[in-house]
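A.B. asks: Numbering (this note's numbering), first residue to last: -1 to 245. We treat Cβ as the ideally placed atom computed from N, Cα and C, and that holds for glycine. Let me give you the structure first, and then I'll get to my questions.
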Ligand SMILES: Cc1cc2nc3c(=O)[nH]c(=O)nc-3n(C[C@H](O)[C@H](O)[C@H](O)COP(=O)(O)O)c2cc1C
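Given below as structure tokens:
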């Protein structure tokens, strides 16, 4: 079977962090955002907003808040994808019905909707020859980001997206073996250890040959380190401040 061009496009993904200094035409930006809007959305809530950061001073501040990730200030375009129930809050108020947002479920709905939109945006950008990288660092200091972007209640930043024409083509980062991801009818734990060992070998090979920034490490050691400390402990308090009770 020939691989379908769309599958080929999706499977040729790699994050791009170095960009040419070339402006992205406005029509392409519009296509990218239109595609974002065509992502499926839970119950048609469309619970997201996309903020295009064109002000360079703001970019510099955001790059700093994202952990001094320089591509946030250097990429030709940078968007903040924000979960957003603010319009819904206005509707409920206007119609004088309860605005029931107590459950954690709403945070999941907002984050999932936003992520699907962002992925559609990235896929479409790549179709136009652009590359990009998502920026979870936008949640490092959610409250400061919210202040800078004047985010109202019932919103929270989920990820940033840097876009631009790639300065170079990097190797693809290997993925976990398919048999470790795909299960039939029930979760099969038997092959997971084997998949981890196999993936460690492949990632060690990838990272040790990678240019620039080669390193002698495989997936296991990276994940163990990543998950050994609390991740962004301020997020819960920020979400509560934005109105989400997460009961
Ligand atoms: C939600 C999300 C947040 C991410 N945040 C960052 C980030 O802050 N900085 C960064 O350099 N890469 C970030 N990435 C990119 C991942 O590191 C990258 O997708 C992963 O290592 C796999 O590499 P690949 O995309 O090149 O295949 C993020 C990716 C996702 C999906």
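Would residue 177 be called buried (16 or more neighbouring beta carbons within 10 Å of its own) or exposed?
C.D. replies: exposed
A.B. asks: Put residue 140 into one of helix, strand or coil per three-state DSSP.
C.D. replies: helix
A.B. asks: Going by DSSP, what residue range makes up the beta strand (DSSP E) through residue 48?
C.D. replies: 46 to 50
A.B. asks: Quick check: residue 75 and residue 22, are their CB atoms within less than 8 angstroms of each other?
C.D. replies: yes
A.B. asks: According to DSSP, is residue 187 part of a helix, a strand, or is it coil?
C.D. replies: The DSSP-derived three-state label of residue 187 is coil.
A.B. asks: Go ahead and pull the three-state DSSP assignment for residue 81.
C.D. replies: strand
A.B. asks: Report, in whole angstroms, the separation of the C-beta atoms of residue 226 and residue 214, which I expect to be a contact under 8 angstroms.
C.D. replies: Actually they are not in contact, since the Cβ atoms of residue 226 and residue 214 sit about 19 angstroms apart, beyond 8 angstroms.
A.B. asks: Okay, do the region 162 to 182 and the region 9 to 16 touch, 3+ Cβ pairs below 8 angstroms being the bar?
C.D. replies: yes
A.B. asks: Going by DSSP, what residues sit across from residue 155 in a beta bridge?
C.D. replies: 80
A.B. asks: Confirm the yes/no value for this check: CB of residue 108, any heavy atom of ligand 3, distance under 7 angstroms.
C.D. replies: Ligand 3 is not among the ligands present in this structure, which contains only ligand 1.
A.B. asks: Is it the case that the Cβ atoms of residue 175 and residue 197 are separated by a distance below 8 angstroms?
C.D. replies: yes
A.B. asks: Would you call the region 30 to 42 and the region 112 to 126 in contact, with 3 or more CB pairs under 8 angstroms?
C.D. replies: Cβ pair count under 8 angstroms is three or more, so yes.
A.B. asks: Within the continuous beta strand (DSSP E) that includes residue 22, where are the two ends?
C.D. replies: No beta strand (DSSP E) holds residue 22; DSSP gives it neither H nor E.
A.B. asks: Is residue 162 close to ligand 1? I mean its beta-carbon at under 7 angstroms from any heavy atom of the ligand.
C.D. replies: no
A.B. asks: For residue 132, write down the residues that DSSP places opposite it in a beta bridge.
C.D. replies: According to DSSP, residue pairing for residue 132 in a beta bridge involves 159.
A.B. asks: What would DSSP say about residue 165, mapped onto helix, strand or coil?
C.D. replies: coil
A.B. asks: Pick from 29, 229, 159 and 80: whose alpha carbon is nearest that of residue 149?
C.D. replies: Among 29, 229, 159 and 80, the Cα nearest to that of residue 149 is on 80.
A.B. asks: Rounded to the nearest angstrom, what separates residue 201 and residue 216 at their Cα positions?
C.D. replies: One Cα belongs to residue 201, the other to residue 216, and the distance between them is close to 5 angstroms.
A.B. asks: Please classify residue 237 as buried or exposed, where buried requires at least 16 neighbouring CB atoms within 10 angstroms.
C.D. replies: buried
A.B. asks: Tell me whether residue 13, by its Cβ, gets closer than 7 angstroms to a heavy atom of ligand 1.
C.D. replies: For ligand 1, at least one heavy atom lies less than 7 angstroms from the Cβ of residue 13.
A.B. asks: In chain order, what residues of the same chain lie with their CB nearer than 6 angstroms to the CB of residue 141, ignoring the 5 residues before and after it?
C.D. replies: Cβ neighbours of residue 141 beyond the five flanking positions: 236.
A.B. asks: Mapping DSSP to helix, strand and coil, what is residue 113?
C.D. replies: helix
A.B. asks: Can you give the Cα-Cα distance for residue 9 and residue 2, rounded to whole angstroms?
C.D. replies: 10 angstroms
A.B. asks: Can you give the Cα-Cα distance for residue 70 and residue 131, rounded to whole angstroms?
C.D. replies: Distance from the CA of residue 70 to the CA of residue 131, rounded to the nearest whole angstrom, comes to 9 angstroms.
A.B. asks: Which value, in whole angstroms, describes the spacing of the CA atoms of residue 189 and residue 6?
C.D. replies: 27 angstroms
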